[in-house]
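Residue numbers (the working numbering), protein chains in the order written: chain A, 57 to 373; chain B, 57 to 373.
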């Protein structure tokens with residue numbers, strides 16, 4: 057490896073659905089080293105901790121032991137940050153109440169900070185992505201569901217139990233589609249990738265439609281009903297964004313996830329609803345923009361966790 | 057006046073609709089002196105500043121000049137906090153771009169801090185009212201419209217232009233009542249005191265109904281249609297609160313304003329909607345409670361502005 061002479065850096069860990077990804081990133085956002093290995097979450101916490109520790113040590117070995125400020129981990133699930141424990145996770149089997157932070161600290165002998173993966177992604181976009189110019193922003197991630205994070209004055213808003221930012225379950229149509237959470241008209245039943253695929257199946261029974269990408273392909277080919285799906289999706293998204301603008305008055309709202317390439321199909325109805333429903337938007341003209349870091353947002357955000365309280369320092373190249 | 061031997065205190069000013077109220081309050085929340093005079097906003101900014109200055113000096117004279125940390129002012133309108141200027145106000149005629157802070161500072165020779173009146177009320181409830189046990193809370197004020205404030209870690213969330221907390225214009229029914237802001241189904245068109253009176257007029261044409269209090273009187277007398285008005289109002293409020301809970305995950309949401317005495321009529325449908333629409337509520341059990349300070353919330357909040365950055369100190373009785 058290139059021998060770096062470096063300043064402070066940290067290591068971010070992203071426990072993604074298919075891959076465990078680890079990257080060393082310096083204060084300027086430069087990726088010094090990165091490794092991705094297949095995830096083995098079904099093998100249980102001891103194996104996952106072992107995989108993380110081994111990979112972090114490899115990355116650390118490549119960059120050097122001096123200057124490491126800590127390791128940040130983006131976890132897909134609810135965590136108790138104070139205790140360093142994963143409370144619940146749909147993907148991480150057997151991790152309930154597992155003291156992942158202390159286990160890792162024992163092996164790695166450095167600061168370990170946990171964060172929810174959606175919050176980490178929001179933090180990453182604020183640090184090195186679409187939000188580089190701001191300290192207050194909201195990220196909405198459109199995927200199977202809709203999640204995201206709220207950044208206020210450069211820090212994640214957690215709420216009283218770390219459950220802030222459940223944008224997917226904001227009610228946009230009080231009598232809308234039923235949701236597994238017990239509600240009707242949740243944003244994610246009208247604007248997630250899953251919702252787009254579902255609406256597509258309902259609208260296009262003469263075509264094979266199994267994903268949001270299929271609906272997007274149909275829309276690009278000029279299919280009017282596929283365009284209507286994105287128009288409906290944009291409307292729901294616009295109602296939610298207008299509500300967030302009226303509540304937060306932030307200058308930036310960032311969207312990420314699979315449906316983003318279909319921006320031109322959903323953005324017109326989204327902005328139409330925003331303009332109609334938020335006089336704050338009309339008066340203050342906040343930005344709504346696509347995320348810039350793609351699947352790396354959570355990795356950057358995780359790496360930023362140990363760095364965010366350091367004083368700015370110059371990085372030697 | 058009683059000769060006080062006091063520690064740090066501050067003076068809060070509330071520019072209410074009918075009265076200009078000024079109170080000296082100490083760090084423990086004890087009101088040391090208070091004066092209320094009729095408001096003369098139509099006489100223009102110079103007269104209003106003169107009234108404020110005179111009244112503040114009277115209060116200060118009663119308490120003593122030592123220990124005054126500053127004066128906080130709750131302003132009904134949009135303000136530029138950095139510049140100390142009122143940008144716009146429906147009640148304060150001729151104040152547009154008037155440098156009220158510098159004008160007052162010139163006469164009073166102490167720290168002057170401006171805050172929006174709804175934010176000041178939220179701060180007051182956090183400091184000495186329903187939110188005394190918390191540092192994160194939301195206040196919703198049900199009046200002619202619906203306003204309020206967001207307190208995070210003990211401080212007001214302002215947003216990028218001081219317009220955060222416009223809860224009245226959250227969309228609760230996308231195809232609901234038209235609002236002057238250009239939207240349909242704004243919360244304040246379904247749950248403010250004005251909306252209750254308006255729904256009452258529509259539901260009870262055989263009675264004289266001119267205010268929310270009239271509808272409340274009818275409901276108390278057993279009128280089923282008046283009860284239905286509060287049930288509809290509670291539903292709208294519940295949808296908005298569920299959204300706020302999903303977004304903020306705070307442990308406390310406080311309601312204030314004229315319709316609060318009708319709690320027993322609107323609370324059942326409000327909590328029904330909250331439970332259905334916020335799994336965060338079901339999991340974390342946040343409180344929804346009436347405000348405790350009534351019309352004094354803004355006065356307490358204004359007084360708290362110069363105090364909030366002081367280190368806690370013991371007050372001599």
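C-beta: ideal position from N, C-alpha, C; glycine also. As the structure is a prediction and not an experimental result, all values here were calculated from the model.
Short CB-CB distance (under 9 angstroms) between residue i and chain B
{"i": "residue 138 of chain A", "result": "no"}
{"i": "residue 272 of chain A", "result": "no"}
{"i": "residue 230 of chain A", "result": "yes"}
{"i": "residue 266 of chain A", "result": "no"}
Coil, strand or helix - residue i by DSSP
{"i": "residue 92 of chain B", "result": "strand"}
{"i": "residue 300 of chain B", "result": "helix"}
{"i": "residue 264 of chain B", "result": "coil"}
{"i": "residue 162 of chain B", "result": "helix"}
{"i": "residue 234 of chain B", "result": "strand"}
{"i": "residue 171 of chain B", "result": "strand"}
{"i": "residue 317 of chain A", "result": "helix"}
{"i": "residue 334 of chain A", "result": "coil"}
{"i": "residue 247 of chain A", "result": "helix"}
{"i": "residue 345 of chain B", "result": "strand"}
{"i": "residue 227 of chain B", "result": "strand"}
Contacts that residue i makes with chain A (C-beta to C-beta distance below 7 angstroms)
{"i": "residue 227 of chain B", "result": "295, 298, 299, 333"}
{"i": "residue 239 of chain B", "result": "332, 333"}
{"i": "residue 352 of chain B", "result": "By Cβ distance, chain A contributes nothing, its closest Cβ being about 26 angstroms from residue 352 of chain B, past 7 angstroms."}
{"i": "residue 173 of chain B", "result": "Under the 7 angstroms cutoff, chain A gives no residues; its nearest Cβ is about 17 angstroms from residue 173 of chain B."}
Between the CA atoms of residue j and residue i - distance to the nearest angstrom
{"i": "residue 272 of chain B", "j": "residue 364 of chain B", "result": "38 angstroms"}
{"i": "residue 226 of chain A", "j": "residue 200 of chain A", "result": "16 angstroms"}
{"i": "residue 239 of chain A", "j": "residue 73 of chain B", "result": "40 angstroms"}
{"i": "residue 295 of chain B", "j": "residue 334 of chain B", "result": "9 angstroms"}
{"i": "residue 121 of chain A", "j": "residue 109 of chain A", "result": "14 angstroms"}
{"i": "residue 348 of chain A", "j": "residue 182 of chain A", "result": "10 angstroms"}
{"i": "residue 322 of chain A", "j": "residue 287 of chain A", "result": "5 angstroms"}
{"i": "residue 98 of chain B", "j": "residue 146 of chain B", "result": "11 angstroms"}
{"i": "residue 253 of chain A", "j": "residue 166 of chain A", "result": "44 angstroms"}
{"i": "residue 257 of chain B", "j": "residue 263 of chain B", "result": "8 angstroms"}
{"i": "residue 303 of chain A", "j": "residue 136 of chain A", "result": "27 angstroms"}
{"i": "residue 230 of chain A", "j": "residue 133 of chain A", "result": "27 angstroms"}
{"i": "residue 204 of chain B", "j": "residue 189 of chain A", "result": "29 angstroms"}
{"i": "residue 84 of chain A", "j": "residue 139 of chain B", "result": "33 angstroms"}
{"i": "residue 329 of chain A", "j": "residue 75 of chain B", "result": "40 angstroms"}
{"i": "residue 266 of chain B", "j": "residue 149 of chain B", "result": "27 angstroms"}
{"i": "residue 168 of chain B", "j": "residue 224 of chain B", "result": "29 angstroms"}
{"i": "residue 344 of chain A", "j": "residue 308 of chain A", "result": "6 angstroms"}
{"i": "residue 178 of chain A", "j": "residue 206 of chain A", "result": "7 angstroms"}
{"i": "residue 82 of chain B", "j": "residue 236 of chain A", "result": "50 angstroms"}
{"i": "residue 212 of chain A", "j": "residue 218 of chain B", "result": "20 angstroms"}
{"i": "residue 298 of chain B", "j": "residue 255 of chain A", "result": "25 angstroms"}
{"i": "residue 341 of chain B", "j": "residue 196 of chain A", "result": "25 angstroms"}
Within chain A, partners of residue i - CB distance below 8 angstroms
{"i": "residue 219 of chain B", "result": "305, 336, 339, 340"}
{"i": "residue 208 of chain B", "result": "208, 213"}
Cβ neighbours of residue i in the same chain (closer than 6 angstroms, five flanking residues each side left out)
{"i": "residue 274 of chain A", "result": "282"}
{"i": "residue 66 of chain A", "result": "125, 126, 359, 362, 363"}
{"i": "residue 251 of chain B", "result": "245"}
{"i": "residue 222 of chain A", "result": "none"}
{"i": "residue 176 of chain A", "result": "130, 354, 357, 358"}
{"i": "residue 336 of chain A", "result": "301, 302, 305"}
Interface flag, residue i vs chain A, CB-CB below 9 angstroms
{"i": "residue 106 of chain B", "result": "no"}
{"i": "residue 189 of chain B", "result": "no"}
{"i": "residue 324 of chain B", "result": "no"}
Under 8 angstroms from the C-beta of residue i: neighbouring residues of chain B
{"i": "residue 223 of chain A", "result": "302, 303"}
Chain-ordered neighbours of residue i on chain B, where CB pairs are closer than 9 angstroms
{"i": "residue 248 of chain A", "result": "None at all; the shortest Cβ gap to chain B is about 15 angstroms."}
Cut-off 8 angstroms between Cβ atoms - residues of its own chain near residue i, not counting five sequence neighbours on either side
{"i": "residue 185 of chain B", "result": "310, 347, 348, 349, 353, 356"}
{"i": "residue 316 of chain A", "result": "198, 346, 347"}
{"i": "residue 154 of chain B", "result": "101, 141, 142"}
{"i": "residue 269 of chain A", "result": "314"}
{"i": "residue 209 of chain B", "result": "191, 192"}
7 angstroms Cβ shell around residue i - same chain, five flanking residues per side excluded
{"i": "residue 228 of chain B", "result": "241, 243, 246, 292, 295, 296"}
{"i": "residue 318 of chain B", "result": "272, 275, 286"}
{"i": "residue 91 of chain B", "result": "78, 111, 114, 115"}
{"i": "residue 249 of chain A", "result": "198, 199, 200, 268, 313, 314, 315"}
Amino acids of chain B, ordered along the chain, whose beta-carbon sits closer than 7 angstroms to that of residue i
{"i": "residue 192 of chain A", "result": "216"}
Cβ of residue i within 9 angstroms of any chain E Cβ
{"i": "residue 362 of chain A", "result": "Chain labels in this structure do not include chain E; the protein chains are A and B."}
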